[in-house]
Every structure is written in structure tokens, then in C-alpha cells.
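Novice: Numbering (our numbering), first residue to last: 74 to 350. Heads up, the beta-carbon is just placed ideally off N, CA and C, and yes, glycines get one too. If you're wondering where the values come from, they're calculated on a predicted model, not measured in any experiment.
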Ligand code: NAP
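(1) Less than 8 Å separating the Cβ of residue 146 from some heavy atom of the ligand NAP?
(2) If I'm right that residue 157 touches residue 207 with Cβ under 8 Å, what's the distance once you round it to whole angstroms?
(3) Go ahead and pull the three-state DSSP assignment for residue 224.
(4) State the Cα-Cα distance for the pair residue 101 and residue 328, rounded to the nearest angstrom.
(5) Counting Cβ pairs, one atom from each stretch, are 3 or more of them under 8 Å apart for the region 305 to 312 and the region 278 to 296?
(6) On a Cα-Cα basis, can you pick out the residue from 285, 79, 122, 297 that is closest to residue 85?
(7) By the 10 Å Cβ neighbour count, where 16 or more other Cβ atoms means buried, how is residue 179 classified, buried or exposed?
(8) Going by the CB atoms, is the gap between residue 116 and residue 90 shorter than 9 Å?
(9) If I'm right that residue 167 touches residue 106 with Cβ under 8 Å, what's the distance once you round it to whole angstroms?
(10) Would you say the beta carbon of residue 164 comes nearer than 8 Å to a heavy atom of the ligand NAP?
(11) In the DSSP assignment, find the beta strand (DSSP E) that holds residue 201 and state where it starts and stops.
(12) Verify the contact flag: residue 156, CB atom, against every heavy atom of the ligand NAP, threshold strictly below 8 Å.
(13) With respect to the beta strand (DSSP E) encompassing residue 135, which residues constitute its N-terminal and C-terminal limits?
(14) Around the Cβ of residue 176, are there at least 16 other Cβ atoms within 10 angstroms (buried) or fewer (exposed)?
(15) Is any heavy atom of the ligand NAP found at a distance shorter than 8 Å from the C-beta of residue 338?
(16) For residue 112, does the three-state DSSP call read helix, strand or coil?
(17) In three-state terms, what does DSSP make of residue 234?
(18) For residue 227, which residues of its own chain have a beta-carbon under 6 Å away from its beta-carbon, when the five flanking residues on both sides are left out?
(19) Measure the C-alpha to C-alpha separation of residue 127 and residue 153 and round it to an integer number of angstroms.
(20) Which residue or residues does DSSP assign as beta-bridge partners of residue 286?
(21) In the DSSP assignment, what residue or residues form a beta bridge with residue 344?
(22) For residue 314, count neighbouring C-beta atoms within 10 Å of its own C-beta (all shown protein chains included) and say buried if the count is 16 or more, exposed if not.
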């Protein structure tokens, strides 16, 4: 059971970090819960992560970690949860007395996103996973609990796709090419930053198999071009906003031991909560 020490500061560490929506919805959740803390976004270059964490230990800080610090943070923690150990990435941390603890709530966030598309996790899914970084590892971890699923990883550096696949040998394999990975996919997941800004797409939507579902972990106002294009071709598709909100809600639970008001979090983003199924 988690017994987080009440944090003296609540921070998001990233580089860059100014674009993050987390301060908006975490601020709303804190206000609704009557917790007198601000959620501060700190732009921390990689070379300054360990010094920053040393200072934050002094106030038993808690918070989130985003690009590019998730792997490095896993190594700085005194202890990580089994999920963070398997994904080798920490996106959420807190203190238990003097111990710095790391977790990965992106996995639960992905589960929530899947629930908005499918209701319950599909059986025998054939997943084309584009990208092989930290978010792709969270996707593999979540899908490793699905019944009969196979994941084919496509990455611009084949060695990184192989390395991730080797960590999930019963689930995943490297696809030799994008077309090999995607040709009979029932679900296509974009876990690259392609489409975060601008209208570039990770996959030509014309290559999507007819009944494939589409998940884009990227999110932006008005949704990503990939999600819009997939939907225009009658695919069920969702961007990463539901994952973002849920990973934040799960983090809040780790820090404070209470559930945040998820509706307030969605409202702070000007959206209504994504409904399951
Ligand atoms: P990461 O660890 O840096 O991994 C990114 C992956 O994408 C790597 O495989 C990288 O390849 C590849 N990549 C980067 N730029 C590319 C390009 N232009 N074309 C093709 N491949 C490219 O990042 P991450 O943490 O996994 O995040 C990936 C995406 O997921 C980001 O858009 C992030 O915002 C999103 N995300 C969303 C949520 C959410 O809550 N919705 C949570 C986590 C992440 P190389 O290794 O060759 O660079």
C-alpha cells in the first residue's frame, strides 16, 4: 500500500515543458480537492535532472516526468513499482519518508484510452505499434494483459524495435517494414511524436486495413491529422487525451491517496470526459 509523504512541492519535469496541459487539469483537481499546492512545470535540461531531483528531495516533492526524462528518472529513484521496472520508465514519483519512489501511470492511462474505444480490451488483437520509446513500452505492458494479442513494432531504428520486442517475447516482434507490420493489423497505435505539431502522419491512412482501429498517443487542439484522416475513412479512432488525463488522475491518487475529480480535470481542458466504449 502506498503511503506517500505529503509533498512540499508538486512539479512536472520535462524539456521542453511549456506546451504541457498537465498544469491546467492538475490545478483544477487540486483546487477541487482543497489541496493548497500549485502544480509547477519546470523546464529541466537532461544535464540538470539529477541536481534538480537532489534539491526536490529536500521538500519531499512529488510529481510527473515527461520527455526526455522518463528513463533517466527510473534510475534516480530509490525504488520503482513493478510496472515501472518492466517499462523501464517513470512518469510519476513521490516520497515515502526519505525514499524516492517511481511509478508508470502511462500504462493505466493507455488502458483507459482503450476503454473509450473498445469498452473492454479486444481478444486476439493484431497491433501495429509505430515507435519504440517509453510510450511504446507502456503500450506493450498494457497489451501484455490482453487475451491472445500480438504486437508488431515498427521503428525508424530497427534495433530499438528489436530491443523493445525482446523485452516482451511472448507478445511482440519487430516488423520488417511498415507495410509488413500494418497489413493485417486490427489496431494501429502511433507512439511517435509525429503529428504533435503540424499535419504530418505516422502512416498513410490509405494503408490502414479496412476495419482497423486507430490510437494516436499524440494529442492537440482539434485532434491530430492522423485521427481525423482515419475517422474520415470510417475507422474508429482516438487521440491521446484520455490517456493524458487518466495518467494524471492515477498520479494524483499516488500522491494524495484520494481520487481526483476527473470531471473537473476534463472541464479544465474544455472537454467532457471520454465515455467508455
Ligand atoms: P520517446 O521515448 O522519445 O520515443 C519516441 C519514439 O518515436 C522513438 O521510437 C523515436 O525514434 C520515434 N520517433 C521520434 N521522432 C520520429 C519521427 N519523426 N519519425 C519516426 N519516428 C520518430 O517518446 P515517448 O515518451 O515514447 O513519446 C512518444 C509520443 O507519445 C509523444 O508524442 C508523446 O507526446 C506521446 N505520449 C502521450 C502520452 C499521453 O498521455 N497521451 C503519454 C506518453 C507519451 P528514435 O528512437 O529513433 O528517436
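Specialist: If we stick to the structure as given:
(1) The answer is no for residue 146.
(2) Between residue 157 and residue 207 the beta-carbon gap is near 11 Å, outside 8 Å, which marks them as no contact.
(3) Under the three-state reduction of DSSP, residue 224 is assigned to strand.
(4) Their Cα atoms are separated by approximately 15 Å.
(5) Yes: the two stretches touch, three or more of their Cβ pairs being nearer than 8 Å.
(6) Ranked by how close their Cα comes to the Cα of residue 85, the residues 285, 79, 122, 297 have 122 in first place.
(7) Buried is the label assigned to residue 179, since at least 16 other Cβ atoms lie within 10 Å of its Cβ.
(8) It is a contact, given that the beta carbons lie within the stated cut-off.
(9) With a Cβ gap of about 16 Å, residue 167 and residue 106 do not count as contacting.
(10) Residue 164 Cβ: within cutoff of the ligand NAP.
(11) Annotation for residue 201: the continuous beta strand (DSSP E) segment containing it runs 199 to 203.
(12) Relative to the ligand NAP, even the nearest heavy atom lies 8 Å or more away from the CB of residue 156.
(13) First-last of the beta strand (DSSP E) with residue 135: 135 to 138.
(14) By the Cβ-count criterion, residue 176 is buried, with 16 or more other Cβ atoms from all chains shown falling within 10 Å of its own Cβ.
(15) Not one heavy atom of the ligand NAP falls within 8 Å of the beta-carbon of residue 338.
(16) Three-state result, residue 112: strand.
(17) In the structure shown, residue 234 sits in a helix (DSSP, three-state: H, G or I).
(18) If we look at residue 227 and ignore the five residues flanking it on each side, its Cβ neighbours are 203, 248, 251, 254.
(19) Separation of residue 127 and residue 153 (C-alpha to C-alpha, rounded to the nearest whole angstrom) is 17 Å.
(20) Residue pairing for residue 286: DSSP places it in a beta bridge opposite 260.
(21) Bridge partners of residue 344: none, in fact.
(22) The residue in question, residue 314, is buried, as its Cβ has 16 or more Cβ neighbours within 10 Å.
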